[in-house]
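Novice: Last residue of the sequence shown: 356 in our numbering, with the numbers rising by one and none dropped. No residue lacks a Cβ here, since even glycine has one placed at the ideal position from N, Cα and C.
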Amino acid sequence: MVNFTILAGGYDVFIASYLFNSDASTLSLTGKYPSGANPSWITSHPTNKSILYATNENTEGAVQSFTVTSDGILSQAVDTMPTDGDSPAFAVALSTGQVAAMNYGSGNGRIIPTAHTPLEFANTANVISFPVRSGGVSHPHMALEYGSEVLVPDLGGDAIWRLRENRSSGNWSIAGSIAQPAGSGPRHIAVEDGLLFTLHELASTLTVQKIPSLDTTKTAALLANVSIIPPDPPVNASFAAAELLIPKTSVKFPVQYIYASNRNVGQIDERGDAIAIFRYVNGKLELISHVYTGLDQVRGMEFGGEDSEYLVASGVAGTGGVAVFRRVDEGRGLKEIARNLDVPTRTTFVWL
């Protein structure tokens, strides 16, 4: 395929649509479609790319549903459902037909069922409130479907909460947790072969743990714990790790690499923020490279194309726009091949 359609959300009142031509190495803005305020995270239906969900990351948070054509023309919002909390920074559509939305600001979330169609929400979901330690806060920042569980990293609580559904009531509740290093701020996670990879915002570290069975009381030991901060940062740089991606292997990319985005929220590096690339081998995280992006505070990025050959990314600050990178050297590096500056910042992407 030569042409790819990419949708992009952000802190504004629209979802943008882009056309990426891989042969010509061009990225063109094709539309800006109205949405609720601050669609800071968007996610596709798992089996139907014509359905899109978006958060409204506001004090009174919500999720919305849309239809979208293959060339990126977005409908008006079909349905809107409150998340019953403050600042839902993340949402994901589950294989169950539900949409999980986590409220960063209020320490709670909902896993919302859909009704007659995947576009219609049913207002039957309970509110899941996460525990708060004495003097602490809860900041759930993601949800990841893992078998019959949903895993939720809590940036404020230094825990990965394990949620299970009561099939008779449809309510979700906390069934267990996986402790994280104190003060590390677990933000985003990925699971590969029973291993939990966690990116920690406050510590700017990447860790690996084996996921324990739910019935154990043992703490999951850290198998690896490394910094993702690039070398020689500006003197007054301040880092806050953001996104973690682990694309599947293929003939073209036979080795699995791990990609983690740094966000420098301090003194700007003229090279932009770096994406750290790692490999997990023989029980250790091996740093492969840092790739500078020319972007400021990379909050969201997403792989797409055949074999996940391309990576789209943007900053939440600055004027760097949206950039597309190609994986090179079998995934050990990234090379920028296209950039569009029409919209200066974006925070989340979906490839159609």
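Check each candidate in V316, Y284, S217 and name the one with the smallest Cα separation from G298.
Specialist: As a working note, residue 298 is residue 294 in the sequence shown. The shortest Cα separation from G298 among V316, Y284, S217 belongs to V316.
Novice: Name, in chain order, the residues that DSSP records as bridge partners for L159.
Specialist: Residue mapping note: residue 159 aligns to position 155 of the sequence shown, counting from 1. None, per the DSSP bridge assignment.
Novice: With C-beta atoms as the reference, is T47 less than 7 Å away from A104?
Specialist: Here residue 47 refers to the residue found at position 43 when the sequence shown is read from its first residue. Here residue 104 refers to the residue found at position 100 when the sequence shown is read from its first residue. No, these two residues do not count as a Cβ contact at 7 Å.
Novice: Could you give the distance in angstroms between the alpha-carbon of P122 and the alpha-carbon of I233?
Specialist: Position 118 of the sequence shown, counted from the start, is the residue given in the question as residue 122. Position 229 of the sequence shown, counted from the start, is the residue given in the question as residue 233. Cα-Cα distance, rounded: 40 Å.
Novice: In terms of residues, what are the limits of the beta strand (DSSP E) holding F24?
Specialist: Within the sequence shown, the letter at position 20 stands for residue 24. Element bounds for F24: 18-25.
Novice: At 3 residues or longer, and completely inside the region 163-230: list those beta strand (DSSP E) runs for me, N to C.
Specialist: 163-169, 176-183, 190-196, 199-204, 209-214
Novice: Looking only at C-alpha atoms, which of R275, A244, L199 sits nearest to I262?
Specialist: By one-based count along the sequence shown, residue 262 stands at place 258. Measuring from the Cα of I262, the nearest candidate turns out to be L199.
Novice: State the DSSP-derived secondary structure class of E61, mapped to helix, strand or coil.
Specialist: Walking along the sequence shown from the start, residue 61 turns up at place 57. Looking at E61 - three-state DSSP - the assignment turns out to be coil, as it is neither helix nor strand.
Novice: Which value, in whole angstroms, describes the spacing of the CA atoms of F18 and D219?
Specialist: The sequence position of residue 18 within the sequence shown is 14, counting from 1. The sequence position of residue 219 within the sequence shown is 215, counting from 1. Going by the C-alpha atoms only, they are around 45 Å apart.
Novice: Just to confirm my understanding: we take S133, look at its own chain, exclude 5 residues before and 5 after, and list those with CB closer than 7 Å. What are they?
Specialist: Locating residue 133 in the sequence shown gives position 129, where the first residue counts as 1. Only G111, N112 meet the Cβ criterion.
Novice: Look at L227 and G187 and say whether their C-beta atoms are less than 7 Å apart.
Specialist: Translated into positions along the sequence shown, residue 227 becomes position 223. Translated into positions along the sequence shown, residue 187 becomes position 183. For L227 and G187, no; Cβs fall outside 7 Å.
Novice: Taking 7 Å as the cut-off, decide whether the C-beta atoms of L98 and V72 are in contact.
Specialist: Reading the sequence shown from its first residue, position 94 is the one you call residue 98. Reading the sequence shown from its first residue, position 68 is the one you call residue 72. Not a contact, by the Cβ cut-off of 7 Å.
Novice: Taking the C-alpha atoms as reference points, what is the distance between I360 and G76?
Specialist: Residue 360 lies beyond the residue range present for the chain, which begins at 5 and ends at 356; the question has no answer from this structure.
Novice: For the beta strand (DSSP E) holding L356, just list the boundary residues, first then last.
Specialist: As a working note, residue 356 is residue 352 in the sequence shown. Note, L356: premise wrong, no beta strand (DSSP E); not H, not E.
Novice: Helix, strand or coil for S312 per DSSP?
Specialist: In the sequence shown, the residue the question calls residue 312 occupies position 308. Note: S312 maps to helix in three-state DSSP.
Novice: Measure the beta-carbon distance from D277 to D300 and round it to whole angstroms, keeping in mind my assumption that it falls under 8 Å.
Specialist: Position 273 of the sequence shown holds residue 277. Position 296 of the sequence shown holds residue 300. At roughly 7 Å, the Cβ-Cβ gap stays under 8 Å, so D277 and D300 are in contact.
Novice: Reducing DSSP to helix, strand and coil, say where G276 ends up.
Specialist: Stepping through the sequence shown from its first residue, residue 276 is reached at position 272. Looking at G276 - three-state DSSP - the assignment turns out to be coil, as it is neither helix nor strand.
Novice: Quick one, are the C-beta atoms of D311 and K256 less than 7 Å apart?
Specialist: Mapped onto the sequence shown, residue 311 falls at position 307. Mapped onto the sequence shown, residue 256 falls at position 252. Cβ distance < 7 Å, so D311 and K256 count as in contact.
Novice: How would you call N28, buried or exposed, if buried means at least 16 neighbouring beta carbons within 10 angstroms?
Specialist: Position 24 of the sequence shown, counted from the start, is the residue given in the question as residue 28. Looking at the sequence shown, residue 28 is not Asn but Ala. Result: exposed.
Novice: Kindly indicate which residue of G322, Q68, S152 has the alpha-carbon position closest to the one of A83.
Specialist: Taking the first residue of the sequence shown as 1, we reach residue 83 at position 79. The sequence given here places Asp at residue 83; Ala does not occur at that position. With distances taken between Cα atoms, D83 lies closest to Q68.
Novice: Helix, strand or coil for G13, going by three-state DSSP, please let me know.
Specialist: Numbered from its first residue, the sequence shown carries residue 13 at position 9. Of the three classes helix, strand and coil, the one that applies to G13 here is strand, per DSSP.
Novice: Is the region 339-350 close to the region 260-274, with three or more CB pairs under 8 Å?
Specialist: No, because fewer than three Cβ pairs between the region 339-350 and the region 260-274 fall closer than 8 Å, the two stretches do not touch.
Novice: With C-beta atoms as the reference, is T128 less than 7 Å away from N107?
Specialist: As a first step, residue 128 is located in the sequence shown; it is residue number 124 there, counting from the start. As a first step, residue 107 is located in the sequence shown; it is residue number 103 there, counting from the start. Not closer than 7 Å, so no.
Novice: Under a Cβ-count criterion, where at least 16 other Cβ atoms within 10 Å of its own Cβ denotes burial, should V320 be classed as buried or exposed?
Specialist: Against the sequence shown, residue 320 aligns to sequence position 316. Under this definition V320 is a buried residue.
Novice: Looking at the secondary structure, which residues open and close the beta strand (DSSP E) in which I233 lies?
Specialist: Locating residue 233 in the sequence shown gives position 229, counting from the first residue. The continuous stretches of beta strand (DSSP E) do not include I233, and DSSP gives it neither H nor E.
Novice: In its own chain, which residues sit with a C-beta less than 7 Å from the C-beta of Y150, not counting the 5 before and 5 after it?
Specialist: Walking along the sequence shown from the start, residue 150 turns up at place 146. V195.
Novice: Provide the residue span of the beta strand (DSSP E) that contains D75, from first to last.
Specialist: As a working note, residue 75 is residue 71 in the sequence shown. No beta strand (DSSP E) holds D75; DSSP gives it neither H nor E.
Novice: Which same chain residues, not among the five before or five after S293, have their C-beta less than 7 Å away from its C-beta?
Specialist: Taking the sequence shown and counting its residues from 1, the one referred to as residue 293 is at position 289. The answer, listed in chain order, is I281, R336, G337.
Novice: Determine the contact status of G160 and S142, defining contact as a CB-CB distance below 7 Å.
Specialist: Locating residue 160 in the sequence shown gives position 156, counting from the first residue. Locating residue 142 in the sequence shown gives position 138, counting from the first residue. Against a cut-off of 7 Å, the Cβ pair of S142 and G160 comes out as a contact.
Novice: For G180 versus H204, is the C-beta spacing smaller than 7 Å?
Specialist: Here the question's residue 180 lines up with position 176 in the sequence shown. Here the question's residue 204 lines up with position 200 in the sequence shown. No.
Novice: Can you tell me whether DSSP reads D90 as helix, strand or coil?
Specialist: Within the sequence shown, numbered from 1, the residue matching residue 90 stands at position 86. Note: D90 maps to coil in three-state DSSP.
Novice: Do A264 and L248 count as a contact pair if the criterion is CB distance below 7 Å?
Specialist: Reading the sequence shown from its first residue, position 244 is the one you call residue 248. Reading the sequence shown from its first residue, position 260 is the one you call residue 264. The answer is yes: Cβ separation under 7 Å.
Novice: Would you give the residue range spanned by the beta strand (DSSP E) that Q68 belongs to?
Specialist: Counting from one through the sequence shown, the residue named residue 68 turns up at place 64. From DSSP, the beta strand (DSSP E) with Q68 extends over 66-71.
Novice: On the DSSP bridge assignment, give the partners of L291 in chain order.
Specialist: Start at 1 with the first residue of the sequence shown, and residue 291 comes out as number 287. F282.
Novice: Hey, F353 and E313 are a contact pair by Cβ (cut 8 Å); roughly how many whole angstroms apart?
Specialist: Taking the sequence shown and counting its residues from 1, the one referred to as residue 353 is at position 349. Taking the sequence shown and counting its residues from 1, the one referred to as residue 313 is at position 309. In fact, because the Cβ distance is near 15 Å, the residues do not count as touching under 8 Å.
Novice: Could you pull the start and end residues of the beta strand (DSSP E) that V332 belongs to?
Specialist: Locating residue 332 in the sequence shown gives position 328, where the first residue counts as 1. First-last of the beta strand (DSSP E) with V332: 326-332.
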